[in-house]
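In this note's numbering, the protein residues as written are 43 to 197. Ideal placement from N, C-alpha and C gives every residue a C-beta, glycine not left out. To start, the structure itself, in structure tokens.
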Amino acid sequence: MRLHPFPLLILSLVACRPEPAQEAEMEPENAGGRAGQALPEADINASLEPIAGNGNGNNTAPDDERPRFVGRWATVRNLCGRQEWRVTENELRTAEGRVCRFINVREVDGGYDVAARCTADGPERDDTLQMRFSSVGMMVESESLITVGMFRCPD
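Right under this line is the structure:
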């Protein structure tokens, strides 16, 4: 006598089904006391990300965790590598040697407002940098620096 695998499969699935009381415990609204909160969507590409660092040999925050303004910028694309602005999470340095050290970075619609202390043609002074983004680059406005449109330089 030969057994068919299909009925055995059905029986094994029915046997694994949790009791109704167990199902209530497993529902998202009862998990961890977070009533009514939706669980985050799973990232199907998460396993493809590097485990430590951002893949560039150091352990800085991955690009998607750093503010969008971090990087090298130039007023004209062909000035990358020669006359570029360098912006980190803590400061901005222009190609001309002006420096703004960030005191507080606040994300706003379209970019960031950055409270900073800048040195530009004189003693340090407090300033607010407004960094706004478009599909082609970043606009920087402040009292200490010129208002300028920038293009991101390639890494």
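DSSP three-state call for residue 132: helix, strand or coil? coil
DSSP state of residue 143, grouped into three classes? strand
Residue span of the beta strand (DSSP E) that contains residue 171, given as start and end: 167 to 175
Proximal residues to residue 135 (C-beta, below 6 Å), its chain only, five neighbours per side dropped: 128, 141
Quick one: Cα of residue 147 to Cα of residue 171, how far? 9 Å
Buried versus exposed, by CB contacts within 10 Å (16 or more), residue 123: exposed
Report the CB separation of residue 173 from residue 156 in whole angstroms; it is logged as a contact under 8 Å. 7 Å
Hey, would you say residue 158 sits closer than 9 Å to residue 151, going by beta carbons? no
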